[in-house]
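Engineer: Below are the structure tokens for one structure; questions will follow.
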Amino acid sequence: MKSLKRKKFDALYASLEEELVAMSRWVAKTGARVLVLFEGRDTAGKGGAIDAVRTPLNPRQCRTVALPKPDEREKTQWYFQRYVAHLPAAGEIVLFDRSWYNRAGVEQVMGYATPDQVSAFLDQVPRFEELLVADGILLFKYWLTTDQKQQEKRFAERLEDPLKRWKLSPIDLAAREKYDAYTLAREDMLKATHTKKAPWTLVDFNDQRRGRLTLIRDLLDRLPDTTVPPEAIDLVPLGHVPSEEGYTVLKPIKSFDID
961 MKSLKRKKFD
971 ALYASLEEEL
981 VAMSRWVAKT
991 GARVLVLFEG
1001 RDTAGKGGAI
1011 DAVRTPLNPR
1021 QCRTVALPKP
1031 DEREKTQWYF
1041 QRYVAHLPAA
1051 GEIVLFDRSW
1061 YNRAGVEQVM
1071 GYATPDQVSA
1081 FLDQVPRFEE
1091 LLVADGILLF
1101 KYWLTTDQKQ
1111 QEKRFAERLE
1121 DPLKRWKLSP
1131 IDLAAREKYD
1141 AYTLAREDML
1151 KATHTKKAPW
1161 TLVDFNDQRR
1171 GRLTLIRDLL
1181 DRLPDTTVPP
1191 EAIDLVPLGH
1201 VPSEEGYTVL
1211 KPIKSFDID
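In structure tokens, the structure reads:
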């Protein structure tokens, strides 16, 4: 399948942006709680997918959660505890850039969790998520897939591009050698946690632009009818000549020189 060109992507994404904004109005009006998990291999494109969902939305309503590794206190808590604090309240949309599924992925593959911890996690997840769904949270779980050939290409891009260099860490390089191990861990995770009430959706992200469109389309299609017209606002004439900025204490700094 040919890669989607930027111009074509922008045109297709523009219409989805409008639907995302309409969806956010529906969430605000109904008090729905929307929770979307983004999981996948390093370089799969989680950040770009999250940005595509979040960009047109009100940042006060839609927020991203990307938790760092647990501190010493958090390591002693119930595993799900630190995630619970970030669940959406009424009218909110929360996007998890990686989630509690770290335990079934990077923590398992890289040896940060014991086999017993992983086993306990896989046993508890369906019950935990069933409680979330039963309480009314609209839960969506996406796994972004990518072949190792594409992963290698993206690692190289990160190394060469100074704007992407921050995305490349020693942990990423260590995980690079464990592509097959991540596959096995993912399959075990799917067997244990792909349930009727909280199913997984895998999206092909070998072409990241096409993957973003696919994910957003799927998300919108799985929500109830979100057709909520915007609130009517009457922008009456100002009634006077528009004012210019005035300054008594400070003036703006010199504008950026484009000559």
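My numbering puts the first residue of the sequence shown at 961, with every later residue one more than the last. We treat Cβ as the ideally placed atom computed from N, Cα and C, and that holds for glycine. This structure is a prediction, so every number in the text was calculated from the model and none was measured.
#1: Have a look at residue 1021 and residue 1043 and give me their C-alpha separation to the nearest angstrom.
#2: Do the CB positions of residue 1153 and residue 1082 come within less than 8 Å of each other?
#3: Please state whether DSSP places residue 1196 in a helix, a strand or coil.
#4: Which value, in whole angstroms, describes the spacing of the CA atoms of residue 1181 and residue 983?
#5: Exposed or buried, which one is residue 1201 when buried takes at least 16 other CB atoms within 10 Å?
#6: Starting from the N-terminal side, write out each stretch of the alpha helix (DSSP H) that is 4 residues or longer and does not extend beyond the stretch 1136-1197.
#7: In the DSSP assignment, what are the bridge partners of residue 1055?
#8: For residue 1061, does the three-state DSSP call read helix, strand or coil?
#9: Could you tell me the distance, in whole angstroms, from the CA atom of residue 1160 to the CA atom of residue 969?
#10: Measuring straight from C-alpha to C-alpha, what distance separates residue 987 and residue 999?
#11: If we count Cβ pairs, one from each stretch, closer than 8 Å, do we get three or more for the stretch 1098-1112 versus the stretch 1027-1043?
#12: Only counting the same chain, and skipping five residues up and downstream in sequence, which positions put a Cβ closer than 7 Å to that of residue 1032?
#13: In chain order, what residues of the same chain lie with their CB nearer than 6 Å to the CB of residue 1069, ignoring the 5 residues before and after it?
#14: In its own chain, which residues sit with a C-beta less than 6 Å from the C-beta of residue 1157, not counting the 5 before and 5 after it?
#15: Count the C-beta pairs between the stretch 994-1011 and the stretch 1199-1216 that are closer than 8 Å, then say yes if the count reaches three, no if not.
#16: Quick check: what's the CA-CA separation for residue 1027 versus residue 1075?
#17: Compare the Cα-Cα distances from residue 977 to each of 1034, 1101, 1058, 1010 and report the closest residue.
#18: Where residue 1150 and residue 966 are concerned, what is the direct C-alpha to C-alpha distance, given to the nearest angstrom?
#19: Would you mind reading off the limits of the alpha helix (DSSP H) that contains residue 990?
#20: Which whole-angstrom value describes the C-beta separation of residue 1100 and residue 1179, a residue pair presumed to lie in contact below a C-beta threshold of 8 Å?
Structural biologist: Considering the structure as presented:
#1: 18 Å
#2: yes
#3: coil
#4: 11 Å
#5: exposed
#6: 1139-1153, 1168-1182
#7: 996, 1024
#8: helix
#9: 25 Å
#10: 23 Å
#11: no
#12: none
#13: 1138, 1141, 1142, 1145
#14: 1090, 1093
#15: no
#16: 23 Å
#17: 1010
#18: 33 Å
#19: 966-990
#20: 6 Å
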